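One rule links them: number in our numbering = place in the sequence shown (from 1) + 558. Ideal placement from N, C-alpha and C gives every residue a C-beta, glycine not left out. Computed from a predicted model, the values in this text were never measured in an experiment. Inspection log for the structure reproduced underneath, given as structure tokens.
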Amino acid sequence: MVSTLKASVTALGVSAIMATGAFADAHTEKLSGDLVIFSDMSNPAPRAVMEGMVERFGDMHPDLNIELTVIDREAYKTQIRNFLTANAPDVANWYAANRMLPYVDAGLFEDVSDIWEGQLSEELASTKGAMTLNDKQWGVPYTYYQWGVYYRKDIYEKYDLSEPQDWDTLKSNCQTLLDNGIKCFTIGTKFLWTAGGWFDYLNMRTNGYDFHAALTNGQESWTSDEVRQTFANWRELIDMGAFIDNHTAYSWQEALPFMTGGDAAAYLMGNFAVAPLREGGLDDDKLDFFQFPAINPDVELAEDAPTDTFHIPSGATNKDNAKAFLKWVVSAENQTLINSGDALGQLPVNNQSSVDDDKFLKEGFAMLSSNSPGGVAQFFDRDAPAEMAKVAMEGFQEFMVRPDNLDKILERLERARARIY
Numbered sequence: 559m560v561s562t563l564k565a566s567v568t569a570l571g572v573s574a575i576m577a578t579g580a581f582a583d584a585h586t587e588k589l590s591g592d593l594v595i596f597s598d599m600s601n602p603a604p605r606a607v608m609e610g611m612v613e614r615f616g617d618m619h620p621d622l623n624i625e626l627t628v629i630d631r632e633a634y635k636t637q638i639r640n641f642l643t644a645n646a647p648d649v650a651n652w653y654a655a656n657r658m659l660p661y662v663d664a665g666l667f668e669d670v671s672d673i674w675e676g677q678l679s680e681e682l683a684s685t686k687g688a689m690t691l692n693d694k695q696w697g698v699p700y701t702y703y704q705w706g707v708y709y710r711k712d713i714y715e716k717y718d719l720s721e722p723q724d725w726d727t728l729k730s731n732c733q734t735l736l737d738n739g740i741k742c743f744t745i746g747t748k749f750l751w752t753a754g755g756w757f758d759y760l761n762m763r764t765n766g767y768d769f770h771a772a773l774t775n776g777q778e779s780w781t782s783d784e785v786r787q788t789f790a791n792w793r794e795l796i797d798m799g800a801f802i803d804n805h806t807a808y809s810w811q812e813a814l815p816f817m818t819g820g821d822a823a824a825y826l827m828g829n830f831a832v833a834p835l836r837e838g839g840l841d842d843d844k845l846d847f848f849q850f851p852a853i854n855p856d857v858e859l860a861e862d863a864p865t866d867t868f869h870i871p872s873g874a875t876n877k878d879n880a881k882a883f884l885k886w887v888v889s890a891e892n893q894t895l896i897n898s899g900d901a902l903g904q905l906p907v908n909n910q911s912s913v914d915d916d917k918f919l920k921e922g923f924a925m926l927s928s929n930s931p932g933g934v935a936q937f938f939d940r941d942a943p944a945e946m947a948k949v950a951m952e953g954f955q956e957f958m959v960r961p962d963n964l965d966k967i968l969e970r971l972e973r974a975r976a977r978i979y
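Here it is as structure tokens:
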């Protein structure tokens, strides 16, 4: 198996790093026996990363037989319960927070809290909440990326606007933009999930991460005063006319030209929007980023940062080898390498890692590693069950168009909560 992966390692440019012994230092104990890994990292770049990790870990442990099976990501989603139940591998890819809940509740994921003890718990502090259920940790993260507000720096400078630290400043900025014929935010809600991002941030800034997590887990009512306050805050922007018109007609990509063309000044979006914004003509002198500002000063700032993970199935045969692999995956050196621009191009989960020389990755890393004590959410359609997410995001889109329908929307969501959870 290892011999077939040499090209992937070369493509990742790791030979110099391996020569320094940085990876060997991560594990001095030599492993033997078997290690079976199932992965959904099927796209070319992630697959090269996965194969490169297997190669490097194999070189560190030459007596260890590693068997890697890569499954198409969509097919993996339908197969995971079956292979966790019967003939489980030793390591399996998945996702954090509520997406791992069904497998934790079914007893199919191993408790790996011992991996998180000591220094590693501090190094992975920003993602610990996303990996924790019932006060235990059920896997490790290996990559994530930030959400936040990407904005036209040149437009802000033209109208002497500063990056908002609080809700009042955000609204004041917005009014200045509107007075000059510029929409505050572009958005495309054709496929619903972008409205989910707005709800995530408004709810976490209004009520905090713990309430948001309880709501997406079905433990809080959609008709509560807390949720109504979130929508009241959202309505302030809607009533101002903050969002582009006819946003239900656009996908998130189709909404980009409003920002690149200067008709809108900002976009609440994940870091994956940076590349198309740059391709649309916004160099780094025109494009910048800020953390979604505080609304309720009594709650800490939590962030959306979708996190991909590794887990040990409870039915695994070689759990000690699997734990050693998971510890190595999250080491600072490995995290630096696999999240580099030549690999995943995302953010390392270890706060001791280095980040590529890209200003948005650096800002996101600083924000998530240092300035987000309030928790890391996984995005609404990952944190809520699929059926609840669909109903709720339909409601979010409807609210943005017809805010007077709020009572009917919340009653519908509450009925769905009673049925689904």
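Check whether the Cβ atoms of residue 745 and residue 823 lie closer than 8 Å to each other. Looking up residue 745 in the sequence shown gives position 187. Looking up residue 823 in the sequence shown gives position 265. In this structure, residue 745 lies away from residue 823, with their beta-carbon atoms at least 8 Å apart.
Going by C-alpha distance, which of 671, 941, 803 is nearest residue 770? Position 212 of the sequence shown holds residue 770. From the listed residues 671, 941, 803, the smallest Cα separation to residue 770 is found for 941.
Since residue 748 and residue 806 are thought to touch, with beta carbons under 8 Å apart, how far apart are those beta carbons, to the nearest angstrom? Numbered from 1 along the sequence shown, position 190 holds the residue referred to as residue 748. Numbered from 1 along the sequence shown, position 248 holds the residue referred to as residue 806. Their Cβ separation, rounded to whole angstroms, is 6 Å, which keeps residue 748 and residue 806 in contact under 8 Å.
Unbroken stretches of the beta strand (DSSP E), 3 residues or longer, contained in the segment 830-876: Runs of the beta strand (DSSP E) lying entirely within the segment 830-876 and spanning at least 3 residues, in chain order: 845-848, 865-869.
Measuring from the CB of residue 666, is there a heavy atom of the ligand ADP at a distance below 7 Å? As for the ligand ADP, it is missing from this structure, which has no ligand bound.
Distance check for residue 785 and residue 776, CA to CA, integer angstroms please. Locating residue 776 in the sequence shown gives position 218, counting from the first residue. Locating residue 785 in the sequence shown gives position 227, counting from the first residue. It is roughly 13 Å from the alpha-carbon of residue 776 to the alpha-carbon of residue 785.
Exposure of residue 839, with buried meaning 16 or more beta-carbon neighbours within 10 Å: Locating residue 839 in the sequence shown gives position 281, where the first residue counts as 1. Its Cβ having fewer than 16 others within 10 Å, residue 839 is exposed.
Could you tell me whether the Cβ of residue 707 comes closer than 8 Å to any Cβ of chain D? Absent from the structure: chain D. Only one protein chain is present.
Would you mind giving the Cβ-Cβ distance between residue 862 and residue 705, rounded to the nearest angstrom? I have them listed as a contact below 8 Å. Taking the first residue of the sequence shown as position 1, residue 862 is located at position 304. Taking the first residue of the sequence shown as position 1, residue 705 is located at position 147. Contact flag correct, Cβ pair sits at about 4 Å.
Within the segment 907-949, ranges of the alpha helix (DSSP H) (whole runs, at least 4 residues): With a minimum length of 4 residues, the continuous alpha helix (DSSP H) runs that stay inside the segment 907-949 are 917-928, 938-941.
Measuring straight from C-alpha to C-alpha, what distance separates residue 649 and residue 956? Along the sequence shown, read from residue 1 onward, the residue named residue 649 stands at position 91. Along the sequence shown, read from residue 1 onward, the residue named residue 956 stands at position 398. About 41 Å.
Here's a check: name, in chain order, each residue in its chain whose Cβ is nearer than 8 Å to the Cβ of residue 877, leaving out the five neighbours to either side. Taking the first residue of the sequence shown as position 1, residue 877 is located at position 319. Excluding five sequence positions before and after residue 877, the CB atoms of its chain that fall closer than 8 Å to its own CB belong to 648, 668, 870, given in chain order.
Give a yes or no on contact between the segment 708-716 and the segment 842-851, applying the rule of three or more CB pairs nearer than 8 Å. Yes, they touch.
Within the same chain, show all residues whose beta-carbon is closer than 6 Å to that of residue 904, passing over the 5 residues directly before and after it, in chain order. Counted from its first residue, the sequence shown places residue 904 at position 346. Non-local C-beta neighbours of residue 904 in its own chain, meaning closer than 6 Å and more than five positions away in sequence, comprise 701, 703, 897, ordered along the chain.
To the nearest angstrom, how far is it from the Cα of residue 970 to the Cα of residue 793? Taking the first residue of the sequence shown as 1, we reach residue 970 at position 412. Taking the first residue of the sequence shown as 1, we reach residue 793 at position 235. Rounded to the nearest angstrom, the two C-alpha atoms are 19 Å apart.
Those runs of the alpha helix (DSSP H) which lie wholly inside the segment 692-720 and span at least 4 residues: The qualifying runs are 711-716.
How far does the alpha helix (DSSP H) with residue 889 in it reach, from first residue to last? Position 331 of the sequence shown, counted from the first residue, corresponds to residue 889. Here residue 889 belongs to no alpha helix (DSSP H), and DSSP marks it neither H nor E.
Go to residue 823, then tell me how far its beta strand (DSSP E) extends in each direction, as first and last residue. Residue mapping note: residue 823 aligns to position 265 of the sequence shown, counting from 1. Its beta strand (DSSP E) spans residues 822-828.
Between the segment 619-637 and the segment 587-596, can you find at least three pairs of beta-carbon atoms closer than 8 Å? Contact between the segment 587-596 and the segment 619-637 is present: three or more C-beta pairs spanning the two stretches fall below 8 Å.
Count the C-beta pairs between the segment 965-979 and the segment 946-953 that are closer than 8 Å, then say yes if the count reaches three, no if not. Taking 8 Å as the limit for Cβ pairs, the verdict is that the segment 946-953 does touch the segment 965-979.
Three-way DSSP call (helix, strand, coil) for residue 808 in this model: Position 250 of the sequence shown, counted from the start, is the residue given in the question as residue 808. DSSP places residue 808 in coil when its eight states are reduced to three.
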